[in-house]
Amino acid sequence: QVRLQESGPGHVKPSETLSLTCSVSGASLTSDSYFWTWIRQPAGKPLEWVGRIYTTGTTTYRLSLRSRATISLDAPNNQFSLTLTSVTAADSAVYFCAREEAAAGSFLNYYNYIAVWGKGTTVIVSS
Amino acid sequence: DIHLTQSPSSLSASVGDRVTITCRASQGITDSLAWYQQKSGSAPKLLVYGASTLETGVPTRFRGRGAGTDFTLTISSLQPEDFATYHCQQYYGNSITFGQGTRLEIK
């Protein structure tokens, strides 16, 4: 059974860098063909997809965060990480790491969905 | 980005009721839609993917339908454990967006 667990600081100061790590058990980040993803949820607001990394190391980011977000793999430790620079109060949220899976649709298309979620970790940006 | 609009934003219902939540996409997304259930203080849980495929272990009282721009999630007979917030999610152009959520409360 796949399990994901987020870790990182609960508080970050404005303009500083947020770093979160997701530890994965029950699956290999580099040998299983999945996407490893970060999603966040500001208090009282909708879920927001942040970005993903594939087992090959290929990354894709939310357009509005592309200049500040970096997702990386730590294969030996079976972890992946999110780094977000120049944070503001708008980056305060519960951050979830997750496994994103792809499937074939009925219209000769492919689609992704979030199959497995971590429990989430709260990050508050405040001075 | 494709925008998803869920309706209603909140809903009150009783145990045993049949309820339907709608998710409308700002442009056609074929069947690239999933539904999640989220209880307070917990992570979302996958219910349906590919618009209508029930995730393993999800009760059959949950049903997803639709394609293109209009999608529904129906719960045929509400159980006490179903009161939660429901989110739709789309995948298009290598990006993912979520609806604003529908809060299902006990009447």
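Line by line, the protein sequences are chains A and B.
Read in order, the letters of the first sequence correspond to residues 1 to 127 in our numbering.
Read in order, the letters of the second sequence correspond to residues 1001 to 1107 in our numbering.
By construction, the Cβ of each residue, glycine as well, lies at the ideal position given by its N, Cα and C atoms.
Keep in mind it's a predicted model, so treat the numbers as computed, not measured.
Within chain B, the residues whose beta carbon sits less than 7 Å from that of A:Ser106 are Asp1031, listed in sequence order. Linking A:Trp117 to A:Ser31 through their CA atoms gives a straight-line distance of about 19 Å.
Across the stretch 1019-1048 of chain B, CB contacts with chain A closer than 7 Å involve Thr1030, Asp1031, Ser1032, Ala1034, Ala1043, Pro1044, Leu1046, in sequence order along the chain. Residue range 1070-1075 is occupied by the beta strand (DSSP E) that includes B:Ile1075. Close to chain B, meaning a Cβ-Cβ distance shorter than 7 Å, are the following residues of the stretch 26-46 of chain A: Pro46. Per the coordinates, the alpha-carbon of A:Arg68 lies some 14 Å from the alpha-carbon of A:Trp38.
Looking at the DSSP output, B:Thr1030 shares a beta bridge with no other residue. The CB of B:Asp1001 comes closer than 8 Å to the CB of Leu63 in chain A, given here in chain order. Using a Cβ-Cβ cut-off of 9 Å, B:Ser1095 counts as an interface residue toward chain A, since at least one Cβ of chain A sits closer than that to its own. Taking the CA atoms as reference points, A:Leu20 sits about 12 Å from A:Arg40. For A:Gly57, not one C-beta of chain B is nearer than 9 Å to its own C-beta. By the rule that beta-carbons nearer than 9 Å mark a contact, B:Ala1067 touches chain A. When the alpha-carbon of B:Tyr1086 is set against those of B:Ala1013, B:Gly1050, B:Arg1103, the nearest one is in B:Arg1103. B:Gln1089 has its alpha-carbon roughly 10 Å from the corresponding atom of B:His1003.
For B:Lys1045, the uninterrupted beta strand (DSSP E) segment begins and ends at 1045-1049. Residues of chain A with a Cβ closer than 7 Å to the Cβ of B:Gly1101 are, in chain order, Pro46. The shortest CA-to-CA distance from A:Ala103 to any of A:Ala115, A:Cys97, A:Ser28 is the one to A:Ala115.
Chain-order list of chain B residues neighbouring A:Ala93: empty, with the shortest C-beta distance near 13 Å, by a criterion of under 9 Å. Judged by DSSP in its simplified three-state form, B:Ser1009 adopts coil rather than helix or strand. Annotated three-state conformation of A:Asn109 is coil, per DSSP.
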